[in-house]
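Chemist:
Number of protein chains: 2
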Amino acid sequence: MEQPTGTQAGSQTLSRGIRLLEILASADRNLSIADLANALGVHRSVAYRLLRTLEHHDLVTRDHAGQFALGAGLAALTSGVARNLQQAALPVLNEIANDLGMTCLLAVLQGSGDVVTLVSAAPRQSVAVSYRPGHRHPISSGGPGKAILLGMPESAWPADLSDEVRAELVETRVRGYAHSHDEVVPSLRSVAVPLILSGQPPASIAVIHVSFDRTEAEIAERLKLGAQSVARAYGA
Amino acid sequence: MEQPTGTQAGSQTLSRGIRLLEILASADRNLSIADLANALGVHRSVAYRLLRTLEHHDLVTRDHAGQFALGAGLAALTSGVARNLQQAALPVLNEIANDLGMTCLLAVLQGSGDVVTLVSAAPRQSVAVSYRPGHRHPISSGGPGKAILLGMPESAWPADLSDEVRAELVETRVRGYAHSHDEVVPSLRSVAVPLILSGQPPASIAVIHVSFDRTEAEIAERLKLGAQSVARAYGA
DNA sequence: AGTCCCGTGTTCGATAATAGGACAACCGAA
DNA sequence: TTCGGTTGTCCTATTATCGAACACGGGACT
Numbered sequence: 038m039e040q041p042t043g044t045q046a047g048s049q050t051l052s053r054g055i056r057l058l059e060i061l062a063s064a065d066r067n068l069s070i071a072d073l074a075n076a077l078g079v080h081r082s083v084a085y086r087l088l089r090t091l092e093h094h095d096l097v098t099r100d101h102a103g104q105f106a107l108g109a110g111l112a113a114l115t116s117g118v119a120r121n122l123q124q125a126a127l128p129v130l131n132e133i134a135n136d137l138g139m140t141c142l143l144a145v146l147q148g149s150g151d152v153v154t155l156v157s158a159a160p161r162q163s164v165a166v167s168y169r170p171g172h173r174h175p176i177s178s179g180g181p182g183k184a185i186l187l188g189m190p191e192s193a194w195p196a197d198l199s200d201e202v203r204a205e206l207v208e209t210r211v212r213g214y215a216h217s218h219d220e221v222v223p224s225l226r227s228v229a230v231p232l233i234l235s236g237q238p239p240a241s242i243a244v245i246h247v248s249f250d251r252t253e254a255e256i257a258e259r260l261k262l263g264a265q266s267v268a269r270a271y272g273a
Numbered sequence: 038m039e040q041p042t043g044t045q046a047g048s049q050t051l052s053r054g055i056r057l058l059e060i061l062a063s064a065d066r067n068l069s070i071a072d073l074a075n076a077l078g079v080h081r082s083v084a085y086r087l088l089r090t091l092e093h094h095d096l097v098t099r100d101h102a103g104q105f106a107l108g109a110g111l112a113a114l115t116s117g118v119a120r121n122l123q124q125a126a127l128p129v130l131n132e133i134a135n136d137l138g139m140t141c142l143l144a145v146l147q148g149s150g151d152v153v154t155l156v157s158a159a160p161r162q163s164v165a166v167s168y169r170p171g172h173r174h175p176i177s178s179g180g181p182g183k184a185i186l187l188g189m190p191e192s193a194w195p196a197d198l199s200d201e202v203r204a205e206l207v208e209t210r211v212r213g214y215a216h217s218h219d220e221v222v223p224s225l226r227s228v229a230v231p232l233i234l235s236g237q238p239p240a241s242i243a244v245i246h247v248s249f250d251r252t253e254a255e256i257a258e259r260l261k262l263g264a265q266s267v268a269r270a271y272g273a
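Line by line, the protein sequences give chains R and S. Counting from 38, one number per residue, gives the positions in the first sequence under the working numbering. Counting from 38, one number per residue, gives the positions in the second sequence under the working numbering.
(1) Just to confirm, are S116 of chain R and T140 of chain R a CB contact at a threshold of 8 Å?
(2) Alpha carbons only, please: which of R:V83, R:A240 and R:D95 is nearest the one belonging to G150 of chain R?
(3) Which residues share a DSSP beta bridge with Q49 of chain S?
(4) Where does P231 of chain R fall in DSSP's three states?
(5) Find the nearest neighbour of S199 of chain R within the set R:A64, R:S217, R:A184 and R:S178, judged by alpha-carbon distance.
(6) With the cut-off set at 8 Å, would you say I70 of chain R and L57 of chain R are in Cβ contact?
(7) Who are the Cβ neighbours of A243 of chain R in its own chain at under 6 Å, not counting the five residues just before and after it?
(8) Can you name, in chain order, every residue of its own chain whose Cβ lies under 7 Å from the Cβ of I256 of chain R, other than the five neighbours on each side?
(9) I think N135 of chain S touches F105 of chain S, with their Cβ atoms under 8 Å apart; what is that distance to the nearest whole Å?
(10) Counting only C-beta atoms, is R161 of chain R closer than 8 Å to chain S at any point?
(11) Quick check: is the beta carbon of T98 of chain R nearer than 8 Å to any beta carbon in chain S?
(12) Can you grab the Cα-Cα spacing for the pair H101 of chain R / A264 of chain R, in whole Å?
(13) Can you tell me which residues form a DSSP beta bridge with L146 of chain R?
(14) Among the candidates S:A165, S:W194, S:G148 and S:P160, whose CA atom is the shortest distance from the CA of V173 of chain S?
(15) Is H101 of chain S helix, strand or coil by DSSP?
(16) Residues in its own chain within less than 8 Å of P195 of chain R by CB, not counting five upstream and five downstream?
(17) Give the residues of chain S in contact with Q265 of chain R, contact being defined as C-beta atoms less than 7 Å apart.
(18) Might you give, ordered along the chain, the residues of its own chain that have their beta carbon closer than 8 Å to the beta carbon of T42 of chain S, omitting 5 neighbours on each side?
(19) Using the beta-carbon count (16 or more within 10 Å), is G103 of chain S buried or exposed?
(20) Given a limit of 7 Å on CB to CB distance, which residues of the stretch 67-88 of chain R reach chain S?
(21) Tell me the DSSP secondary structure of R66 of chain R in three-state form.
(22) What's the C-alpha gap between G110 of chain S and L61 of chain R?
(23) How many Å lie between T50 of chain R and T90 of chain S at the Cα?
(24) Does the beta-carbon of T154 of chain S have 16 or more other beta-carbons within 10 angstroms, so that it is buried, or is it exposed?
(25) Does the Cβ of R259 of chain S lie closer than 7 Å to at least one heavy atom of the ligand HEM?
(26) Taking D95 of chain S as the query, report the chain R residues whose CB atoms sit under 7 Å from its CB, ordered along the chain.
(27) Measuring straight from C-alpha to C-alpha, what distance separates M38 of chain R and L206 of chain R?
(28) Mind listing the chain R neighbours of R169 of chain S? Cutoff is C-beta to C-beta under 7 Å, in chain order.
(29) Would you mind working out which of R:N121, R:K183 and R:H216 sits nearest R269 of chain R, comparing C-alpha positions?
(30) Is any beta-carbon of chain R found at less than 8 Å from that of Q23 of chain S?
(31) Just the C-alpha distance for L187 of chain R and H246 of chain R, rounded to the nearest angstrom, thanks.
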């Protein structure tokens, strides 16, 4: 009843616990046990036991009123995600963000059809677009996704790629960078270059903005420089 | 048998799933199912089911050899931890890190006796100390912890605080910043200032280095400026 | 004060999800 | 080829979990 799929799809209890975290992540305020139990569709005592377990592991915290929020233990776990890649990329992302005055992000391929933003860096002063890590979208749309495709051999492309996108990619391969406008987020532009490192999933570096005050080619050059810096820092 | 505490301490299944994540976070390579089952002390088929559930939620991924690593889904969850605080602080941390050439970090109080590093920023070029988010240590030792105590009313201090630390804090309160040397990490120095924002747990901003090339007072001034910037960006 | 109400924390028996043995299928190495 | 080591899948006894019911505590309102 939890998992409508015919085959066994996993552990009910663990899945519920994770969904509690997801609910908290998407909420914009702290939630009570009753809120969470209701959102999960389970009895309050069930939510209570799950939340206590999450609290033991510091994945959730309670505020003064007893309501729940995500806890700092998650930071410890996330720092282990593609650790070397993050360490190598973060300073470079910041430098690019400040150089260009645009939000700069690192996206990685997850599974085979989705790309998710791993870390993002906002420039110091200007009113940049804020782009939260964890944002996910299909690989076939948006600059970061198409840049990842650029970095992969054509044979590894997903089968369900539309002919339209294939044609665009073959064209842009000459350019060496991908771009997008109005694809993932309305009225948002992006320029992205691939970042392929051995031992890491295919990735890309991108900047996003509502309007560019220099040519895309210039921006792409800066990104390629950054990608080389990351590769050097990564060592492989 | 899982939880040796007398009272019921939570959900066994959920706790095991989280421990899988913790094991993966502390490992320096990708792990097989057998490795993980062994580290957890459970049967392989149990680990298999838990891992499949984690994979469904993108908290773990499998590499080409079928071995497991932490997944990008964690990034989405962590971006929800103290979201406003992170957004307001990150650009400032980077600026400070590059200004001073030292790793700069944001630490928050977790529970009532521990402080954990939420985000850290390394300077662009120099060979800075790398300090992973998620690092936890007692509030009574280390610059960041003592700075958090500085920002709290004395009445809220933990009862088990040694007289020695109390005396040091009363002294340093005049200075307005905390420092440490050889406390948490051997041969490491830190300077830290408190950061108190309404609606957020007590926090602090700190820089760490093996040796400072300017006076601690100068560094503290820069940190205080940064704390004000964060408070402005945070809005509250 | 008192009383209601909404919330949390705890207990406990029935039940359903889980634990883990066993087997099949697979892949790479010798 | 055969072997050794792995992963993926069933199956049933067991046991962790579910959820109702209860006790407690703090506000808000009368």
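Here a beta-carbon is modelled for each residue, glycine too, at the ideal position from N, C-alpha and C.
Modeler: By the coordinates alone:
(1) Numbered from 1 along the first sequence, position 79 holds the residue referred to as residue 116 of chain R. Numbered from 1 along the first sequence, position 103 holds the residue referred to as residue 140 of chain R. No, the pair does not count as a contact, with Cβ atoms beyond the cut-off.
(2) Taking the first residue of the first sequence as position 1, residue 150 of chain R is located at position 113. Answer by Cα proximity: R:A240.
(3) The residue you call residue 49 of chain S lines up with position 12 of the second sequence. Partner residues in a beta bridge of Q49 of chain S, as assigned by DSSP, do not exist.
(4) Here residue 231 of chain R is taken as the residue at index 194 of the first sequence, counted from 1. Of the three classes helix, strand and coil, the one that applies to P231 of chain R here is strand, per DSSP.
(5) Locating residue 199 of chain R in the first sequence gives position 162, counting from the first residue. For S199 of chain R, the closest C-alpha among the options R:A64, R:S217, R:A184 and R:S178 is that of R:S178.
(6) Taking the first sequence and counting its residues from 1, one reaches residue 70 of chain R at position 33. Taking the first sequence and counting its residues from 1, one reaches residue 57 of chain R at position 20. With contacts defined by Cβ atoms closer than 8 Å, I70 of chain R and L57 of chain R do not form a contacting pair.
(7) In the first sequence, residue 243 of chain R corresponds to position 206, counting from 1. Result list for A243 of chain R: L142, G180, P181, S227 and A229, in chain order.
(8) As a first step, residue 256 of chain R is located in the first sequence; it is residue number 219 there, counting from the start. L137, V228, V244 and F249, listed in sequence order.
(9) The residue given as residue 135 of chain S occupies position 98 in the second sequence. The residue given as residue 105 of chain S occupies position 68 in the second sequence. Contact between N135 of chain S and F105 of chain S fails: their C-beta atoms lie close to 36 Å from each other, not under 8 Å.
(10) Taking the first residue of the first sequence as position 1, residue 161 of chain R is located at position 124. Yes - at least one Cβ of chain S is within 8 Å of the one on R161 of chain R.
(11) Numbered from its first residue, the first sequence carries residue 98 of chain R at position 61. Yes, T98 of chain R counts as interfacial toward chain S.
(12) As a position in the first sequence, residue 101 of chain R is number 64, starting the count at 1. As a position in the first sequence, residue 264 of chain R is number 227, starting the count at 1. Spanning the two alpha carbons is a distance of roughly 45 Å.
(13) The sequence position of residue 146 of chain R within the first sequence is 109, counting from 1. Answer is R:V152, bridged to L146 of chain R.
(14) Reading the second sequence from its first residue, position 136 is the one you call residue 173 of chain S. The sequence given here has Arg at residue 173 of chain S, not Val. When each option's Cα is compared against that of R173 of chain S, the closest is S:G148.
(15) Locating residue 101 of chain S in the second sequence gives position 64, counting from the first residue. DSSP places H101 of chain S in coil when its eight states are reduced to three.
(16) For the purposes of this step, residue 195 of chain R is identified with residue 158 of the first sequence, where counting begins at 1. Excluding positions up to five away in sequence, the list reads S149, G150, I176 and S177.
(17) Taking the first residue of the first sequence as 1, we reach residue 265 of chain R at position 228. Result: empty, since nearest Cβ-Cβ is about 15 Å, beyond 7 Å.
(18) Locating residue 42 of chain S in the second sequence gives position 5, where the first residue counts as 1. Unreliable placement is indicated for T42 of chain S, whose pLDDT of 31 sits below 50; the coordinate value is still reported in the next sentence. Correct list: empty, nothing qualifies.
(19) Reading the second sequence from its first residue, position 66 is the one you call residue 103 of chain S. It is exposed - the Cβ of G103 of chain S has fewer than 16 other Cβ atoms within 10 Å.
(20) R86 and L87
(21) On the first sequence, residue 66 of chain R is found 29 positions in, with the first residue counted as 1. Three-state DSSP puts R66 of chain R in coil, outside helix and strand.
(22) Here residue 110 of chain S refers to the residue found at position 73 when the second sequence is read from its first residue. Here residue 61 of chain R refers to the residue found at position 24 when the first sequence is read from its first residue. Straight-line Cα distance between these residues: approximately 14 Å.
(23) Sequence index remark: in the first sequence, residue 50 of chain R carries index 13 (1-based). Sequence index remark: in the second sequence, residue 90 of chain S carries index 53 (1-based). When rounded, the distance between both Cα atoms is 10 Å.
(24) Counted from its first residue, the second sequence places residue 154 of chain S at position 117. Burial call: buried.
(25) Among the components modelled here there is no ligand, and therefore nothing to report on the ligand HEM.
(26) Here residue 95 of chain S refers to the residue found at position 58 of the second sequence. The contacting residues are Q147.
(27) What you label residue 38 of chain R is simply residue 1 of the first sequence in a count that begins at 1. What you label residue 206 of chain R is simply residue 169 of the first sequence in a count that begins at 1. Legend: pLDDT at M38 of chain R = 34, less than 50; position of this residue unreliable, value from coordinates given subsequently. When rounded, the distance between both Cα atoms is 43 Å.
(28) The count along the second sequence starts at 1 and reaches residue 169 of chain S at position 132. Going along chain R in sequence order, the residues near R169 of chain S (Cβ under 7 Å) are S116.
(29) Residue 269 of chain R sits at position 232 when you count from the first residue of the first sequence. It is R:N121.
(30) There is simply no residue 23 of chain S to check, as chain S begins at 38 and stops at 273 in what is shown.
(31) Walking along the first sequence from the start, residue 187 of chain R turns up at place 150. Walking along the first sequence from the start, residue 246 of chain R turns up at place 209. Near 21 Å, if we compare the C-alpha coordinates of H246 of chain R and L187 of chain R.
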